[in-house]
Amino acid sequence: MSVGEETSPRLQRAALVPLPRADEPTFAGTRLSDVDEWGRSEHMRELVRRMYAPIYKHWFRVEWEGLEKIPRAGGALLVANHAAAIPSDAPVIMHGIEEELGRPLYGLADFFFRTIPWVGTTWSRVGGVPAHPDNALRILRDQGQLALVFPEGTKGPSKTYADRYRLRRFGRGGFVEIAMRAGVPVIPIAVVGAEESMPILMRLPNLAKALGVPYVPVTANMLLFGPLGLALYFPSKFKLRVLDPVTFDVPPGQERYSKSRIMEEAENIRMALQETLYDMLRERRSVWFG
Amino acid sequence: MAQALESDPEVEMILGMGTREPTVPLERAEFVRADQTYSILSRIVRATQVDTIVHTFLVVDSTRVPGRALHEINVIGTMNLLAAAGQSGSPVRQVVVKSSTLVYGSASTDPTWFREEMGRTSPARTRVERSLIEVEGFVRDFAEDNPATVVTVLRFANVLGTDIVTPISTNLSHSLCPQVAGYDPLVQFVEEDDVVRCLEHVTRHRVPGLYNVAGEGRVPWSEVAEICGTRLLPLPPVGTRAFAAPLVRAGLIEFPPELENLLRYGRGVDTSRLARSGFTTRYTSLGAVESFIRAVRLRRSIGKTPPSYTYEQDIEQFFRHSSAVVNTPIDS
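Sequences listed follow chains A and B, in order.
Start counting the first sequence at -7; every next residue gets the next number (my numbering).
Start counting the second sequence at 2; every next residue gets the next number (my numbering).
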């Protein structure tokens, strides 16, 4: 601790430690990896894209509709329906957008991911970001990037096969509030095919509680392939349809927005997504061939 | 810090206080030895009429002192300091407190960047974190009660540099460095020169408020270890503490409780508020790591640098006050 008193100069002495001036060099160091502030590594992302490409193309045979509605530059919040015990829709959307549009997409997901060793780190390296409102705001507004969020949260993938394609509650509409604050559009994406890739027959709530995880599913894949079913998806045909971007007529950067307005907008987006899903299912002839 | 202030002719007098004697030569700063809780401070403030107190003595490393002493130093020491600064007719016009980003903790539910107004997302469980939160509470109250005094609180990220010894620096300079298996958190550092520069900046310009201080960017722990040329020793993600305990006892690693969650989830603080006040760090987080490891490499070659200076009360007195000493003004 030092205590000092400031008045007129009394002593004129040379400095023992010359103070660094503003024009002195800065020390940035040399990076050894390309992991960015979000934990994402383009190198890892590239590797995963190359590994995932055959699955995307030949296993799920993904087809997009309306990709041109996603902007080539600037921030936008993509929202989609969420399904399958181990969600197969997130990698499909991330791979699709990055390959087709050539721009990075950050996947916002539950903090729970971070707590799982190895899984959490890998998830972060390939573009996952904890869904904290401040993180979303930085990605969307400050950096003008694309972010993907599943408003249903874990309620989407944890639903049983009997409830397929029935959208769960859209949380508390937090995604609408973030888009409003960031001043970016919300772009809904309807995904058909994920539900059948790993359908849940039943859940084991007691085991989930004991393990401290959101849900423990018993999937059809497990019954057919045993433990291998944890990693092996059924080859359902994936079809994705991008809906019209939703913009909000509110000033960005507000601390708080009207809760009723947020809930109303969230519900409208949910309804539009649900209608589109039913539409797409009406047109679908086969789960496996589309 | 005192050396930095000495070079400023505007500063008339610098008075250092601590439990240990200074290890660097000081031209004009005076030094008073005190007990850990600074009970003598109110007398000193009255006697010397100081106008600025820079409080840099908060303990942020629980391996240095036992828990009881940590409470005495951090909580009681700060209480005495603020009481001295806030006594009636106090000449003190500015109080600067050096705190730590430990107050934010480290948890899975954290944002990637903490801004000053954000609270921590998990309850504080370690002694150091709890005491720092308590201390910052006192400082907030003090600022409220003394609106005329400029109060500055600086939250520094983990410090690395040429001289400072912390559990992290000790780990990184060993050949084995702990890691929680399956986690590779993004960590942030501030170089010790930047710490001094920042304290000096807020003191000189009388900048009030609460600021995060950290080097730019965040670096994965694995990359930090790679730069430092140390091998990572994976500790199991379950029962981490129990597994680490014998290694700590054997002196292989240091693993204080506040390090455990940092090695899982890392921590990042937003320094844009400090930048707006006119201060930027010269070292990035990565630059701090490199500065640190360069000093370690030098020490490995030439051995521990001996203390360049030993404080001798009588000799100091002689140099400062004897009429035999000729004061030669040096042109700058």
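Glycine residues also receive a C-beta, built at the ideal position from the N, C-alpha and C atoms.
- For A/PRO180 and A/ARG173, the gap between their C-alpha atoms comes out near 18 Å.
- By the rule that beta-carbons nearer than 7 Å mark a contact, B/SER109 touches chain A.
- A distance of 7 Å or more separates the beta carbons of A/LYS231 and A/GLU34.
- Around the beta carbon of A/GLN137, 16 or more other beta carbons lie within 10 angstroms, which makes this residue buried.
- In the pairwise beta carbon analysis, the segment 237 to 247 of chain B is classified as not touching the segment 145 to 152 of chain B: fewer than three pairs are separated by under 8 Å.
- With a threshold of 16 other beta carbon atoms within 10 Å, A/THR18 falls short and is exposed.
- Rounded to the nearest whole angstrom, the CA to CA distance from B/ARG44 to B/GLU291 is 43 Å.
- Taking CB atoms only, A/ARG106 has a neighbour in chain B less than 7 Å away.
- Across the structure, B/GLY216 and B/ASP271 are spaced so that their CA atoms are roughly 10 Å apart.
- Flagged as an interface residue toward chain A: B/LEU187, by a C-beta distance shorter than 7 Å.
- In this structure the segment 52 to 60 of chain B touches the segment 99 to 115 of chain B; the number of beta carbon pairs closer than 8 Å is three or more.
- The three-state secondary structure of A/LEU70, taken from DSSP, is strand.
- When secondary structure is reduced to three states using DSSP, B/SER278 falls in the coil class, being assigned neither helix nor strand.
- The way I'd put it, the segment 246 to 265 of chain B doesn't touch the segment 207 to 216 of chain B; fewer than three beta-carbon pairs between them come closer than 8 Å.
- Taking CB atoms only, A/PRO237 has no neighbour in chain B less than 7 Å away.
- By the neighbour-count criterion, in which a residue is buried when 16 or more other Cβ atoms sit within 10 angstroms of its Cβ, B/VAL203 is buried.
- Residues of the segment 22 to 36 of chain A with a Cβ closer than 8 Å to any Cβ of chain B, in chain order: THR22, ARG23, LEU24, SER25, VAL27, GLU29, TRP30, GLY31.
- Straight across, the Cα-Cα distance linking B/PRO186 with A/LEU273 is about 43 Å.
- Judged by pairs of C-beta atoms under 8 Å, the segment 151 to 167 of chain A touches the segment 253 to 261 of chain A, as three or more such pairs exist.
- Annotated three-state conformation of B/TRP222 is helix, per DSSP.
- Shown here, A/LYS231 sits in a strand according to DSSP, grouped into three states.
- Distance from B/LEU161 to B/ALA289 at the Cβ level is roughly 5 Å; contact confirmed, criterion being Cβ atoms closer than 8 Å.
- Within the model, the alpha-carbon separation for A/ARG156 versus A/ALA223 is close to 20 Å.
- For B/PRO112, the closest Cβ of chain A is nearer than 7 Å.
- Three or more Cβ pairs closer than 8 Å define a contact, and the segment 112 to 125 of chain B falls short of that threshold against the segment 280 to 289 of chain B.
- Here B/ILE316 is exposed, its C-beta having fewer than 16 other C-beta atoms within 10 Å.
- Secondary-structure assignment with DSSP links B/TYR284 through a beta bridge to A/PHE19.
- When secondary structure is reduced to three states using DSSP, A/ILE108 falls in the coil class, being assigned neither helix nor strand.
- For B/GLU192, the uninterrupted beta strand (DSSP E) segment begins and ends at 190 to 192.
- Judged by DSSP in its simplified three-state form, B/CYS229 adopts coil rather than helix or strand.
- Of the candidates B/GLU192, B/ASP62, B/GLY269, B/VAL46, B/VAL46 places its Cα closest to the Cα of B/LEU83.
- When the five nearest sequence neighbours on each side are left out, the beta carbons in the same chain lying within less than 7 Å of the beta carbon of A/PHE240 are those of ALA171, MET172, GLU257, in order along the chain.
- Taking C-beta separations shorter than 7 Å and ignoring five residues to either side along the sequence, the partners of A/TRP280 in its chain run PRO227, SER228, LYS229, following chain order.
- Across the structure, B/ARG116 and B/LEU133 are spaced so that their CA atoms are roughly 17 Å apart.
- A distance below 7 Å between beta-carbons, with the five flanking residues on each side excluded, links B/GLY183 to the following residues of its chain, in chain order: PRO238.
- Scanning the segment 119 to 154 of chain B from its first residue to its last, the whole alpha helix (DSSP H) runs of 4-plus residues come out as 128 to 146.
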